[in-house]
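> Sequential numbering from 4 applies to the sequence shown in my numbering.
Glycine residues also receive a C-beta, built at the ideal position from the N, C-alpha and C atoms.
Before I ask anything, let me first share the structure, which is written out below as structure tokens.
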Amino acid sequence: MRSLVLAACAGFAVALAGCDREPVAPDEALSEIPAPTFAVTDNYWMWLPGWTAEFCGDELEADLQVHVLGSYTETPSGNLHWKFKYDIHGTAVGLTTGYEYVWNDIWVVEHVNVAPGGFPYTFQSVDNWVIVGRGQAPNFKAKVTVHTTVNALDDITVDFVKYDEVCK
4 MRSLVLAACA GFAVALAGCD REPVAPDEAL SEIPAPTFAV TDNYWMWLPG
54 WTAEFCGDEL EADLQVHVLG SYTETPSGNL HWKFKYDIHG TAVGLTTGYE
104 YVWNDIWVVE HVNVAPGGFP YTFQSVDNWV IVGRGQAPNF KAKVTVHTTV
154 NALDDITVDF VKYDEVCK
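Structure follows, in structure tokens:
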């Protein structure tokens, strides 16, 4: 124990010794990186009571809390980037079976490199559901990925949806 206290004191003394020097300016190369012309962030909670959805052959009614993190940025060239992350958690009850579930969902939505006129742009959405059944209730796991790319002529050049689910 004594050696642990001595080690902690020595570490604290070394940290303090670094504070007696003048601050150092950042590299000039770092100052040449253009900053976004604007950036906005969202960070809020919302509640979704009584939300219903069908999983594993049962209609579930869920009470969910959603934590939303979002950002919007514009580069000096005028391109936009939007990104949202939804952390969704709560409980659910099967309306047919009465089974109880714990709901966990992480959903990320992103619009990348949207040009000032709206085109070209890339959209991507990835949604991961994990709904854990209590007792004899089945577990549900799913991943949905959507990706779309639109060129400057408003033509869709890439468009796919991938859906995987497991219910057991």
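#1: So the candidates are Tyr89, Gly121, Glu77, Lys165; which of them puts its Cα closest to the Cα of Ala155?
#2: Using a 10 Å radius around the Cβ and a threshold of 16 neighbouring Cβ atoms, would you call Gly138 buried or exposed?
#3: Count the other C-beta atoms from every protein chain shown that fall within 10 angstroms of the C-beta of Phe163, then say buried if there are 16 or more, exposed otherwise.
#4: I'd like to check one pair, Tyr124 with Trp110: are the Cβ atoms closer than 8 Å?
#5: Classify Leu98: buried if its beta carbon has 16 or more other beta carbons within 10 angstroms, exposed otherwise.
#6: Does the Cβ of Tyr166 have 16 or more other Cβ atoms within 10 Å, making it buried, or fewer, making it exposed?
#7: Considering only the alpha carbon of each residue, which of Gly101, His150, Val71 lies closest to Gly172?
#8: Who are the near neighbours of Cys22 in its chain, counting only those whose CB is closer than 7 Å to its CB and skipping five residues on each side?
#9: Assign Trp50 to one of two classes, buried (16 or more other C-beta atoms within 10 Å of its C-beta) or exposed (fewer than that).
#10: Using 8 Å for Cβ pairs, my map puts Asp45 next to Leu63. What's the rounded Cβ distance?
#11: Based on Cα-Cα distance, which residue from Asp130, Pro79, Ser74 lies nearest to Val147?
#12: So Gln127 and His150 are supposed to be a Cβ contact under 8 Å. How far apart are they, rounded?
#13: Please classify Tyr102: does DSSP put it in a helix, a strand, or coil?
#14: What is the rounded straight-line gap between the Cα of Asn142 and the Cα of Val153?
Taking the definition as stated:
#1: Working through the sequence shown from its first residue, we reach residue 155 at position 152. Of the candidates Tyr89, Gly121, Glu77, Lys165, the one whose C-alpha sits nearest the C-alpha of Ala155 is Gly121.
#2: Counting from 1 along the sequence shown, the entry for residue 138 is found at position 135. The residue is exposed, with fewer than 16 neighbouring Cβ atoms inside 10 Å.
#3: Residue numbering aside, residue 163 sits at position 160 when the sequence shown is read from its first letter. Looking at its Cβ environment, which holds fewer than 16 other Cβ atoms inside 10 Å, Phe163 is exposed.
#4: Taking the sequence shown and counting its residues from 1, one reaches residue 110 at position 107. Taking the sequence shown and counting its residues from 1, one reaches residue 124 at position 121. Result no, Cβ atoms of Trp110 and Tyr124 do not sit closer than 8 Å.
#5: Within the sequence shown, residue 98 is the residue found at index 95, counting from 1. With fewer than 16 other Cβ atoms within 10 Å, it is exposed.
#6: Along the sequence shown, read from residue 1 onward, the residue named residue 166 stands at position 163. Exposed: under 16 other Cβ atoms inside 10 Å.
#7: Residue 172 is absent from the structure shown; the chain starts at 4 and stops at 171.
#8: Along the sequence shown, one-based indexing puts residue 22 at 19. Confidence in Cys22 is poor, its pLDDT being 48 and thus under 50, which makes the residue's placement unreliable; the coordinate value appears in the next sentence. The answer is none, since no qualifying residue turns up.
#9: Here residue 50 corresponds to residue number 47 of the sequence shown, with the count starting at 1. Looking at its Cβ environment, which holds fewer than 16 other Cβ atoms inside 10 Å, Trp50 is exposed.
#10: As a first step, residue 45 is located in the sequence shown; it is residue number 42 there, counting from the start. As a first step, residue 63 is located in the sequence shown; it is residue number 60 there, counting from the start. At roughly 28 Å, the Cβ-Cβ gap does not stay under 8 Å, so Asp45 and Leu63 are not in contact.
#11: Working through the sequence shown from its first residue, we reach residue 147 at position 144. Checked all of Asp130, Pro79, Ser74; the closest Cα to Val147 is Asp130.
#12: As a first step, residue 127 must be located in the sequence shown, where it is residue number 124. As a first step, residue 150 must be located in the sequence shown, where it is residue number 147. Yes, they are in contact, since the Cβ atoms of Gln127 and His150 sit about 5 Å apart, within 8 Å.
#13: Counted from its first residue, the sequence shown places residue 102 at position 99. Collapsing the DSSP output to three states places Tyr102 in coil.
#14: For the purposes of this step, residue 142 is taken as residue 139 along the sequence shown, with counting starting at 1. For the purposes of this step, residue 153 is taken as residue 150 along the sequence shown, with counting starting at 1. Between Asn142 and Val153, the C-alpha separation is close to 37 Å.
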